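Chemist: Residue numbers (UniProt numbering): 1 to 257. Where a beta carbon is used, it is the ideal one built from N, C-alpha and C, also for glycine. Model, not experiment: these values are computed from the prediction. Here's a structure for you.
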């Protein structure tokens with residue numbers, strides 16, 4: 001088991017990085033579907049530099065969680081819960097009212113929703129222009145995938161943040177063990193729903209994109225299955241031909257005579 005503070009810092013860094021990458025995906029799709037050529041000047045190197053900058057920023061953001069979080073014993077039980085050491089202090093209020101709601105919820109939802117709507121508008125404009133059908137269909141599928149992912153983010157992440165804030169407010173105003181246990185159970189249920197956001201990308205893409213399904217079928221059947229079958233045939237032991245056995249037997253009998 002890793003210490004509580006390491007788990008919390010790592011969860012903050014990786015979780016927020018995944019959120020900002022989803023925001024980058026929505027922004028990139030908006031720029032790629034824009035008819036304005038000046039918005040299509042971002043290249044791979046620019047995105048790589050931007051991602052490196054974001055990684056450094058979020059590592060700095062996660063350092064206070066490593067310093068202030070610790071395993072706090074839950075009153076009346078033998079269980080512990082990972083909370084800030086300054087219960088009710090400045091950092092605790094920052095995490096509950098600013099850190100998680102804004103950086104973990106409101107800001108990503110706002111960015112993804114805004115650029116998702118702008119992307120949808122760009123695709124509708126492209127349908128009225130003289131755009132090749134192949135590119136239009138590809139952009140429509142990519143836009144559908146991103147919009148569904150944005151909706152899924154809103155359904156899985158926002159309820160968890162609301163429950164987290166309510167649980168903190170209630171636990172700071174009551175010492176009733178039963179109420180704290182009830183909110184702990186509700187928080188764990190919505191935490192499981194929160195983790196669905198990181199595990200359902202594959203299923204969303206399969207359900208929303210015919211092109212993705214065809215590529216998946218090609219990779220699984222035409223590449224990996226054929227490669228596995230070829231290796232299986234190479235490792236198979238083949239019996240010796242009967243003619244060879246007969247020739248050896250007949251030669252042995254001839255020598256005896």
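Who are the near neighbours of residue 103 in its chain, counting only those whose CB is closer than 7 Å to its CB and skipping five residues on each side?
Modeler: 16, listed in sequence order.
Chemist: As a quick exercise: from 204, 167, 184, 174, pick the residue whose alpha carbon is nearest that of residue 153.
Modeler: Among 204, 167, 184, 174, the Cα nearest to that of residue 153 belongs to 204.
Chemist: Would DSSP call residue 73 helix, strand or coil?
Modeler: Of the three classes helix, strand and coil, the one that applies to residue 73 here is strand, per DSSP.
Chemist: Only counting the same chain, and skipping five residues up and downstream in sequence, which positions put a Cβ closer than 8 Å to that of residue 168?
Modeler: Excluding sequence neighbours, residue 168 sits near 92, 96.
Chemist: Rounding to the nearest angstrom, what Cα-Cα distance links residue 20 and residue 137 in this structure?
Modeler: C-alpha separation (whole angstroms): 26 Å.
Chemist: Specify the secondary structure class of residue 80 as computed by DSSP and reduced to three states.
Modeler: DSSP places residue 80 in strand when its eight states are reduced to three.
Chemist: Any idea what DSSP makes of residue 132, helix, strand or coil?
Modeler: In the structure shown, residue 132 sits in coil (DSSP, three-state: anything other than H, G, I, E or B).
Chemist: Between residue 84 and the rest of its own chain, which residues show a CB-CB distance below 7 Å, the 5 nearest in sequence each way excluded?
Modeler: Closer than 7 Å at Cβ, skipping near neighbours: 68, 69, 91, 92, 95.
Chemist: Under 7 Å Cβ to Cβ from residue 113, same chain only, skipping five residues before and after it: list those, please.
Modeler: 150, listed in sequence order.
Chemist: Could you check if residue 105 is buried or exposed, using at least 16 other CB atoms within 10 Å of its CB as the buried criterion?
Modeler: With 16 or more other Cβ atoms within 10 Å, it is buried.
Chemist: Below 8 Å on the Cβ atoms is my guess for residue 155 versus residue 194; work out the distance and round it to an integer in Å.
Modeler: With 8 Å as the limit, residue 155 and residue 194 do not qualify as a contact, their Cβ atoms being about 10 Å apart.
Chemist: What is the rounded straight-line gap between the Cα of residue 13 and the Cα of residue 192?
Modeler: Answer to the nearest angstrom: the Cα atoms are 19 Å apart.
Chemist: Contact check, residue 281 vs residue 170 under 8 Å by CB: the rounded distance?
Modeler: Because the chain spans 1 through 257 in this model, residue 281 falls outside it and cannot be assessed.
Chemist: What did DSSP end up calling residue 5 once you bin it into helix, strand or coil?
Modeler: Three-state DSSP puts residue 5 in a helix.
Chemist: Identify, in the order they occur along the chain, each residue of the same chain with its Cβ nearer than 7 Å to the Cβ of residue 253, setting aside the five sequence neighbours on each side.
Modeler: Residue placement at residue 253 is flagged as unreliable, the pLDDT there being 47, under the threshold of 50; a coordinate-derived value is accordingly withheld.
Chemist: Given this structure, state the Cα-to-Cα distance separating residue 7 from residue 65, to the nearest angstrom.
Modeler: C-alpha separation (whole angstroms): 9 Å.
Chemist: For residue 58, which residues from the same chain have a beta carbon less than 8 Å from its beta carbon, with the 5 sequence-adjacent residues on both sides left out?
Modeler: Hits under 8 Å: 12, 13, 16, 17, 20.
Chemist: Spatial neighbours of residue 213 within its chain, please: C-beta separation below 7 Å, excluding the five flanking residues on both sides.
Modeler: These residues qualify, in order along the chain: 206.
Chemist: In terms of alpha-carbon separation, which member of 180, 35, 118 lies closest to residue 144?
Modeler: Selected option, being the one with the closest Cα: 118.
Chemist: Under 7 Å Cβ to Cβ from residue 115, same chain only, skipping five residues before and after it: list those, please.
Modeler: Counting only Cβ-Cβ distances below 7 Å, and skipping sequence neighbours, we find 26, 27, 30.
Chemist: Considering only the alpha carbon of each residue, which of 24, 231, 5, 200 lies closest to residue 111?
Modeler: Nearest of 24, 231, 5, 200 to residue 111, Cα basis: 24.
Chemist: Below 8 Å on the Cβ atoms is my contact criterion, and I expect residue 187 with residue 163 to pass it. Report the Cβ-Cβ distance as a whole number of Å.
Modeler: So it is a contact: roughly 6 Å between Cβ atoms.
Chemist: Measure how close the beta-carbons of residue 147 and residue 120 come, nearest whole angstrom, since I'm counting them as under 8 Å.
Modeler: Contact holds; Cβ gap of about 7 Å.
Chemist: Quick one: give me the first and last residue of the alpha helix (DSSP H) that residue 90 is part of.
Modeler: Per DSSP, residue 90 belongs to the alpha helix (DSSP H) from 90-94.
Chemist: Rounded to whole angstroms, what's the CA-CA distance from residue 34 to residue 48? Just pull it up for me.
Modeler: Near 21 Å, if we compare the C-alpha coordinates of residue 48 and residue 34.
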